[in-house]
Structures are given as C-alpha cells and as structure tokens.
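Read through the structure below, which is laid out as structure tokens, and then see the notes.
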Amino acid sequence: MSDIIRPYGDTTGDGMIQVSFTLPVPHDKRAEGAALQLADKMGIRPALLVHAKPIGPDFTFFVVYGSVNHLVDLRDVHVMERDYPLLPAKDVNAAIKRQLRRPLVVVGACIGTDAHTVGIDAILNIKGFAGEKGLEYYSEITVVNLGAQVLVPELVERARAEQADAVLVSQVVTQRDAHLTNTQEMSAAFREAYPAGTAPLLVVGGPRFDEAAAGELGVDRVFGKGTTPGEVASYLVHAISQRHARPQAPTRTRTAAEEPAR
Ligand code: B12
528 MSDIIRPYGD
538 TTGDGMIQVS
548 FTLPVPHDKR
558 AEGAALQLAD
568 KMGIRPALLV
578 HAKPIGPDFT
588 FFVVYGSVNH
598 LVDLRDVHVM
608 ERDYPLLPAK
618 DVNAAIKRQL
628 RRPLVVVGAC
638 IGTDAHTVGI
648 DAILNIKGFA
658 GEKGLEYYSE
668 ITVVNLGAQV
678 LVPELVERAR
688 AEQADAVLVS
698 QVVTQRDAHL
708 TNTQEMSAAF
718 REAYPAGTAP
728 LLVVGGPRFD
738 EAAAGELGVD
748 RVFGKGTTPG
758 EVASYLVHAI
768 SQRHARPQAP
778 TRTRTAAEEP
788 AR
C-alpha cells in the first residue's frame, strides 16, 4: 500500500469528503450560497450542498460533499501506541495480589458541571463496555464511583479517605475547553494535597481528549473514545508495577483493621 493516500467517495482516490457545519444565518438561498463559499475556501471543489436545515430562526446546519486535492502522507502520522500489554482479568487480579497484597482502590467521578456518566460507568460498572466487564468485576479492584458533577476538593478528600491508588476522572463536555481546564485544576489540587510522589495515579478519559496530552494536563494517562475497561485495568497494573520499581514512591499496605471482609 502506498504511503500517500487521498480520500475515497465513489472511485478510488477521487478525493471526496463530507463535512458538516452551522452558520449563524437564517435558512434561505443566501445561506446556502454562504455554505458553498465556505466549502470552496476550504478547498472542497466542486462542492455539493447535500443537506441544509434551519436550527431555530437564526441558524442553519449544512452538510457539504465534494472533492479535495490534499494528500495524506502516512509516514507523517504520529499516534500514541499502547505501551503496556493487554491482560485478561485473571492476570490483572494476580498481578495486583502479587504487587500490592491487597485490593487496588480506584475512585472515579465526572468532575465540574459534567453530568455525562455513561463513559465512566462503562469503565467502572460491572456491566462494562464492548463485551468487556467493568473494573467492578475484578476481584482485586475496589471501585468507588462518585458519579456526576463532583467538585475537585470533594474528589481529593474522598481519594484520601479511601486511600485511592488511582483516581479516574471523566470529562465529556468540551465547551470552552472545560475538559482541559477542569483536568488541570484537578491534577493541580492532587499535587498540592499530597507530598511529592505519593499522589494516586491520575487517569482522565473522554471522547475528545488527545491521548498524548497527559504531560500538559498533569495526569499520568489520558484515554480517548472507545476505551475498554480491560485496557484501563491493564494500564493500572502496568503503572503500579512501574511505581513499585521507583524507590522514592512509598507503597501503602493495608492494616489488619482495614482488610475488607471477603
Ligand atoms: C447521553 C448524552 C447526554 C445525557 C447524559 C446522561 C448520562 N447519565 O450520562 C444527557 C441527556 C443528560 C446529556 C446532557 C447534556 N449534553 Co449530552 N450527550 C449525550 C450523548 C448523546 C452520548 C454520550 C454518551 O453517553 N456516550 C457513550 C459513552 C460510552 O461514550 P464516552 O462518554 O465517549 O465514553 C467512552 C470514552 O470516551 C472513554 N471514557 C469516558 N470517560 C472516561 C473516563 C476514564 C477514566 C476513562 C479511562 C475512559 C473514559 O471510555 C468510554 C467507553 O469507551 C452525546 C453525543 C454523543 N453521541 O456522544 C451528547 C453530548 C456529549 N452532549 C452534549 C451537550 C452539549 C449536552 C448538554 C450541555 C445539552 C444541554 N444544552 O443541556 C447537557 C449537559 C449536561 C451536563 N451538565 O453535563 C454535547 C457536548 C458538546 C461539547 N462540545 O462539549 C454532545 C457531544 C452532543 C452534541 N453533539 O452536541 N447528554
């Protein structure tokens, strides 16, 4: 296969793409002309207006289909590859037992005003996602799911109270980059609340995150759309083992009084 590719619509390499957008004008002939002008300026030539629908009195939604000349060079595409092995649940449980000698505690939440809990529930709840059971299914993982609209101080407090090994945060709403600022606020709060090197693993997820952005967000890992619980469980085991390999990161063992009745 060639490294240089073009989009495909009717015939190979015809460059056809489809885009949708909304313009702040009422739906009429002029609005449709405006949509075609935008498409032309975007290099979609010739452009066909395949859908136009008013959204209230002052806005119009468009779908435009047409050909572009741009080429994609696959050699210039850089993506974040998974750098840990995918483990079946029994191996995850065995690794936690071996490394921690107690269950791994995970505290999860949607923070800020975000009320989209389906994503974090897909990862945490026993029913899981995409045919995989959620983290609650793992005998060696204790899940505390705080639900939606959790305030950052509340999350930090609960993570401390539960002696969380990992904090899993979901952010779905991206309006005004809320997912980025909320995540940065959250990671800063954990850095402030814990002595250096002792904060829980901070993991954030949601459909519009860039998985390579962990550093700038101050978290250990970012998961994007389509993440499965098995990927998260495997990552947690991997990250915990990395931490154990680091001498400065103190490990926590449960006291007899803390042992859950199982
Ligand atoms: C269901 C839904 C709702 C439900 C939420 C119910 C609930 N309990 O969650 C309700 C009706 C309440 C709702 C409300 C709103 N919604 Co809504 N909603 C959706 C919808 C249709 C589906 C989201 C969903 O459930 N996806 C399925 C899950 C499984 O996918 P996921 O979230 O991506 O999660 C996966 C990964 O991202 C990842 N993941 C997610 N979180 C985490 C966390 C961790 C730690 C990890 C490891 C992985 C991970 O793993 C998951 C499994 O793979 C989307 C549109 C869409 N099709 O996506 C809009 C959408 C998210 N909503 C949107 C909006 C605007 C709103 C409202 C503001 C609407 C309004 N004006 O009131 C409100 C906001 C409410 C609030 N305060 O947050 C917009 C957001 C736009 C944006 N740029 O931010 C969307 C994209 C719709 C749109 N196209 O406009 N919504």
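Quick note, this note's numbering runs 527 ahead of the 1-based positions in the sequence shown. All residues carry an ideal CB built from backbone N, CA and C; glycine is no exception. Source: prediction; values computed, not measured.
Exercise for the section: Using 7 Å as the cut-off, classify the Cβ of Ser761 as near or not near the heavy atoms of the ligand B12, replying yes or no. Expected result: Position 234 of the sequence shown, counted from the first residue, corresponds to residue 761. No; taking the cut-off as 7 Å, the Cβ of Ser761 has no heavy atom of the ligand B12 nearer than that.
Exercise for the section: Look at the Cβ atom of Val731, then the Cβ atom of Ala691, and state whether they are nearer than 8 Å. Expected result: By one-based count along the sequence shown, residue 731 stands at place 204. By one-based count along the sequence shown, residue 691 stands at place 164. Cβ atoms of Val731 and Ala691: not closer than 8 Å.
Handout entry: Endpoints, beta strand (DSSP E) assigned at Ala739
Key = By one-based count along the sequence shown, residue 739 stands at place 212. According to the DSSP assignment, Ala739 belongs to no beta strand (DSSP E), since it is labelled neither H nor E.
Problem - Limits of the unbroken alpha helix (DSSP H) element including His771 - result: Counted from its first residue, the sequence shown places residue 771 at position 244. Per DSSP, His771 is one residue of the alpha helix (DSSP H) stretching across Pro756 to Ala772.
Practice task
Quick one: grab the DSSP three-state call for Thr587.
Solution key: As a working mapping, residue 587 is identified with position 60 in the sequence shown. It is a strand residue.
Handout entry: Spatial distance of Gly540 from Ile532 (CA atoms)
Key = Here residue 540 corresponds to residue number 13 of the sequence shown, with the count starting at 1. Here residue 532 corresponds to residue number 5 of the sequence shown, with the count starting at 1. Whole-angstrom Cα-Cα distance: 7 Å.
Problem - Contact check, Thr710 vs Leu763, beta carbons under 8 Å - result: For the purposes of this step, residue 710 is identified with residue 183 of the sequence shown, where counting begins at 1. For the purposes of this step, residue 763 is identified with residue 236 of the sequence shown, where counting begins at 1. No, they are not a contact pair.
Problem - Outcome for Gln564 when other beta-carbon atoms lying within 10 angstroms are tallied against a minimum of 16 - result: On the sequence shown, position 37 is the one that residue 564 refers to. The residue in question, Gln564, is exposed, as its Cβ has fewer than 16 Cβ neighbours within 10 Å.
Practice task
Pick helix, strand or coil for Asn672, following the three-state DSSP scheme.
Solution key: The count along the sequence shown starts at 1 and reaches residue 672 at position 145. Three-state result, Asn672: strand.
Handout entry: Residues near Thr778 in its chain [Cβ-Cβ closer than 7 Å; skip 5 each side]
Key = By 1-based counting over the sequence shown, the position of residue 778 is 251. With a pLDDT of only 48 at Thr778, under 50, the local geometry of the prediction cannot be trusted, and the value read off the model is given with reservation. Closer than 7 Å at Cβ, skipping near neighbours: His771.
Exercise for the section: May I ask which residues mark the beginning and end of the alpha helix (DSSP H) holding Lys580? Expected result: Position 53 of the sequence shown holds residue 580. Residue range Ala574 to Ile582 is occupied by the beta strand (DSSP E) that includes Lys580, with no alpha helix (DSSP H) assigned at that position.
Practice task
Measure the C-alpha to C-alpha separation of Met528 and Ile571 and round it to an integer number of angstroms.
Solution key: By one-based count along the sequence shown, residue 528 stands at place 1. By one-based count along the sequence shown, residue 571 stands at place 44. Those two C-alpha atoms are separated by around 25 Å.
Practice task
Could you spell out the range, first to last residue, of the alpha helix (DSSP H) harbouring Ala657?
Solution key: In the sequence shown, the residue the question calls residue 657 occupies position 130. First-last for Ala657: undefined, no H or E at that position.
Practice task
Would you kindly work out how many angstroms separate the C-alpha atoms of Leu598 and Pro573, rounded to a whole number?
Solution key: Along the sequence shown, read from residue 1 onward, the residue named residue 598 stands at position 71. Along the sequence shown, read from residue 1 onward, the residue named residue 573 stands at position 46. Distance between the alpha carbons of Leu598 and Pro573 is about 17 Å.
Practice task
Would you mind sorting Val577 into buried or exposed? The rule is 16 or more other CB atoms within 10 Å of its CB.
Solution key: Within the sequence shown, residue 577 is the residue found at index 50, counting from 1. Classification for Val577: exposed.
Handout entry: Secondary structure of Ala776, DSSP reduced to three states
Key = Taking the sequence shown and counting its residues from 1, the one referred to as residue 776 is at position 249. At Ala776 the pLDDT is 47, less than 50, meaning the model places this residue with poor confidence and gives no usable figure here.
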